[in-house]
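Asks: Note that the numbering used here has the sequence shown beginning at 6, numbered continuously upward. The C-beta atom is built at its ideal place from N, Cα and C for all residues, glycine as well. Note that the structure is a prediction, hence the values are computed from the model and not measured.
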Amino acid sequence: MRTRPKRRPEVAEPAIKETVESAAQNEIESEKEEIKQTEEFTETPQLEAEPSISPTYSGNRPRGRKAFDRPHGTNHGSQDGNSPRSESVLPPLGRPSVVMPDIYGRPEPRNDQDNGKPRLSINELTRLNMKDLRELANFYGISHEDMVTLKKQEIIFSILKSHTERGGIIYAYGSLEILPDGYGFLRSPQNSYLPGPDDIYISPSQIRLFALKTGDTVYGQIRSPKEGERFFAMLRVETVNYDDPAVAQSRIPFDNLTPLYPNEKLNLETTTEEISTRIINLFCPIGKGQRALIVAPPRTGKTIMMQKIANAITKNHPEVYLIVLLIDERPEEVTDMERTVRAEVISSTFDEQATRHVQVAEMVLEKAKRLVEHKKDVVILLDSITRLARAYNQTVPTSGKILSGGVDSNALHKPKRFFGAARNIEEGGSLTIISTALVETGSRMDEVIFEEFKGTGNMEINLDRRISDRRLFPAINIKKSGTRKEELLLTEEELQKIWVLRKVINPMDDIEIIELLIDRMKKSKNNEAFLRSMNTGSAAMD
6 MRTRPKRRPE VAEPAIKETV ESAAQNEIES EKEEIKQTEE FTETPQLEAE
56 PSISPTYSGN RPRGRKAFDR PHGTNHGSQD GNSPRSESVL PPLGRPSVVM
106 PDIYGRPEPR NDQDNGKPRL SINELTRLNM KDLRELANFY GISHEDMVTL
156 KKQEIIFSIL KSHTERGGII YAYGSLEILP DGYGFLRSPQ NSYLPGPDDI
206 YISPSQIRLF ALKTGDTVYG QIRSPKEGER FFAMLRVETV NYDDPAVAQS
256 RIPFDNLTPL YPNEKLNLET TTEEISTRII NLFCPIGKGQ RALIVAPPRT
306 GKTIMMQKIA NAITKNHPEV YLIVLLIDER PEEVTDMERT VRAEVISSTF
356 DEQATRHVQV AEMVLEKAKR LVEHKKDVVI LLDSITRLAR AYNQTVPTSG
406 KILSGGVDSN ALHKPKRFFG AARNIEEGGS LTIISTALVE TGSRMDEVIF
456 EEFKGTGNME INLDRRISDR RLFPAINIKK SGTRKEELLL TEEELQKIWV
506 LRKVINPMDD IEIIELLIDR MKKSKNNEAF LRSMNTGSAA MD
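1) Taking the beta carbon of Q254 as the centre, do at least 16 other beta carbons fall within 10 Å, making it buried, or is it exposed?
2) I'd like the ranges of any alpha helix (DSSP H) spanning at least 4 consecutive residues and lying wholly in the segment 479-520.
3) Which ranges would you report for the alpha helix (DSSP H) in the segment 330-417 if only whole runs of at least 4 residues count?
4) Using three-state DSSP, classify R449 as helix, strand or coil.
5) Rounding to the nearest angstrom, what Cα-Cα distance links T222 and F190 in this structure?
6) Pull the bridge partners of F237 from the DSSP assignment, please.
7) For S281 versus K320, is the C-beta spacing smaller than 8 angstroms?
8) Could you tell me the boundaries of the alpha helix (DSSP H) in which L181 lies?
9) In terms of alpha-carbon separation, which member of I519, G405, Y266, A297 lies closest to S473?
10) Over the uninterrupted alpha helix (DSSP H) stretch that includes N429, give me the two end residues.
11) Roughly how many whole angstroms lie between the Cα atoms of E159 and F236?
12) DSSP three-state label for S148, please.
13) Would you mind working out which of V401, M368, I127 sits nearest P202, comparing C-alpha positions?
14) When you compare the CB positions of T446 and A301, do they come within less than 8 angstroms of one another, or not?
15) How about L138 and Q364: do their beta carbons lie closer than 8 angstroms?
16) Give the single residue among R347, V383, R344, R392 whose Cα lies nearest to the Cα of D2.
17) Sorted by chain position, which residues of the same chain lie with C-beta nearer than 7 angstroms to R470's C-beta, five sequence neighbours on each side aside?
18) Measure the alpha-carbon distance for H149 versus L155 and round it to whole angstroms.
19) Quick one: using the 10 Å Cβ neighbour count with 16 as the cut-off for buried, is A251 buried or exposed?
20) Alpha carbon to alpha carbon, how far is L125 from D413? Give it in angstroms, no decimals.
21) Grouping DSSP H, G and I as helix and E and B as strand, with all else coil, what is A142?
22) Exposed or buried, what is S184 when buried is set at 16 or more other beta-carbons lying within 10 Å of its beta-carbon?
23) Do you know how far the Cα of R132 is from the Cα of Y145?
24) Measuring only the C-alpha atoms, how far is K5 from I299?
25) Cα-Cα, which of R395, Y188, I503, I516 is closest to R565?
26) Closest to I328 by CA distance: which of T360, S229, V384, E279 is it?
27) Between the C-alpha atoms of D74 and R228, what's the straight-line distance to the nearest angstrom?
28) With a 10 Å radius around its C-beta and 16 neighbouring C-beta atoms as the bar for buried, classify G233 as buried or exposed.
29) Out of R375, I430, N482, I164, state which residue places its alpha-carbon closest to the alpha-carbon of L217.
30) Cα separation between N467 and S435?
31) List the endpoints of the continuous alpha helix (DSSP H) containing A216.
32) By Cβ distance below 8 angstroms, which residues in the same chain neighbour I407 in space, the five residues on each side in sequence not counted?
33) Using the rule of at least 16 other Cβ atoms within 10 Å of the residue's Cβ for burial, across every protein chain shown, is R449 buried or exposed?
34) Given this structure, state the Cα-to-Cα distance separating A534 from K528, to the nearest angstrom.
35) Quick check on the burial criterion: 16 or more other C-beta atoms within 10 angstroms. Buried or exposed for S352?
36) In the DSSP assignment, what are the bridge partners of G292?
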């Protein structure tokens, strides 16, 4: 005998519809509340701060960004269904006593949409020493006992977390490195553009929207990591290469720009006592877009000369973006360069692997190219091209063809591409590379590398060991030093007098020449007075 199935209790259809609509409305209101609290500053809703991180996400996910389950009926994993970012009960921030450093003399862009809210820059925090950083942490309510075991990055993370809880906003900048999966990270110049825990995540949609490329300097507002995340993420892009983001979408690629001979001189003359830069200014003028090579035996003063050139550029040409790239150098020289030169100092010391030397150099070159695409003048001081070529020789796949000294035939292609990127651009902007090449080191490899680069530059300064042994600085060999197409950089009067002076000193010994120039230049106030003294036969006394 068949039994009839029990009938469901009848429920009014309007009641079911009302229940579903009420639940949906509550979920929508909860989502709106969280967006209002966590991303209230976002002006571009089309940007993604992160990719979808649901368990069914099938796209590329950056390392360390784990997917987590969102319980049904809860909001972003919170246990009670409420937004995890509740209204802060902490007191508003005042003004800390720690003075933040600026960005290499370049002020950060200020946004009028901050509404007077306190702001912090990750880059400013990373430049503080531990004493100032702990003082700032105490200002944010972090006790001294909690900071005893914390590292610098952990203290910075705690400061930023407390800052956001008090209603503050965070800004950061860095150079973009796009990974093969499509997303990218902003690498910090304080970390020499190497991967670090304070890198900023850039989503693929932001990269596509602003047509970003590796090396772009991106500045904008960021947010702290959410649950299950490891990196800060970009909320709003403010500037790209110090310009409006719209400019990046219409720029011309670097390889399609027209190279020209340098025709605008970089004035290196500063004071009467700086004889090195005064001699270079006359006998080996450097223009915007120059590809200069400083040929230097050991202990001839090449590092000091690089510092003086850098200081002269920053003083006389504030519009130039200066980068000092130190490859395979001693750590104390890096510290000395950072304290002596007001520029962006990027380094990879001799105790690092060759792969890091290569990665740092390529990142600096990409950044310089992006700035030139925005019609900016960039100068790279590289010390040295010889050690960079050594690093490439260790990292490139072997071709089976070994040159004299153990140099692989493919190893010198990328260093030449780095050095060959220097050029003056007809459409605007320039990339100047002033590099040192080591000679007389006793290494056959260094001699081969120098011979390969010997004819690639359009300006050359030769330092002489015989002159430096006499403690005469600058130890410049005037006869072997010079600039191609120097008539584009000097006035007609200067050019004629320099040619006459070269004819006069040519029969003299190299040591006698530099002694004469140092003596006459010390007696003249500047190069103009020195050239005028040639008419009277004696140095002008001003």
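Replies: Considering the structure as presented:
1) exposed
2) Listed in chain order, the complete alpha helix (DSSP H) runs (minimum 4 residues) inside the segment 479-520 are 497-510.
3) 336-345, 359-378, 390-400
4) helix
5) 11 angstroms
6) I205
7) Here S281 is not near K320, since their CB atoms are 8 angstroms or more apart.
8) Run containing L181: none in the alpha helix (DSSP H); it sits in the beta strand (DSSP E), 174-183.
9) I519
10) From DSSP, N429 is part of no alpha helix (DSSP H) but of the beta strand (DSSP E) over 428-430.
11) 13 angstroms
12) coil
13) I127
14) no
15) no
16) The requested residue 2 is not part of the displayed model; the chain covers only 6 to 547.
17) P302, T305, E445
18) 10 angstroms
19) exposed
20) 48 angstroms
21) helix
22) Just to set this straight, residue 184 is Leu in the shown sequence, not Ser. L184 is classed as exposed because its beta carbon has fewer than 16 other beta carbons within 10 Å across all chains shown.
23) One alpha carbon belongs to Y145, the other to R132, and they sit about 18 angstroms apart.
24) Residue numbering for the chain in the displayed model covers 6 to 547; residue 5 lies beyond these limits and cannot be assessed.
25) Here the chain covers residues 6 to 547 and nothing more, so residue 565 does not appear.
26) V384
27) Low local confidence applies: a pLDDT of 37 at D74 is under 50, so the model's placement there is unreliable, and no value is given.
28) exposed
29) R375
30) 24 angstroms
31) Note, A216: premise wrong, no alpha helix (DSSP H); not H, not E.
32) D413, S414
33) Exposed, by the Cβ-count rule.
34) Rounded to the nearest angstrom, the two C-alpha atoms are 9 angstroms apart.
35) Burial call: buried.
36) For G292, which the question treats as bridged, DSSP gives the partners K270.
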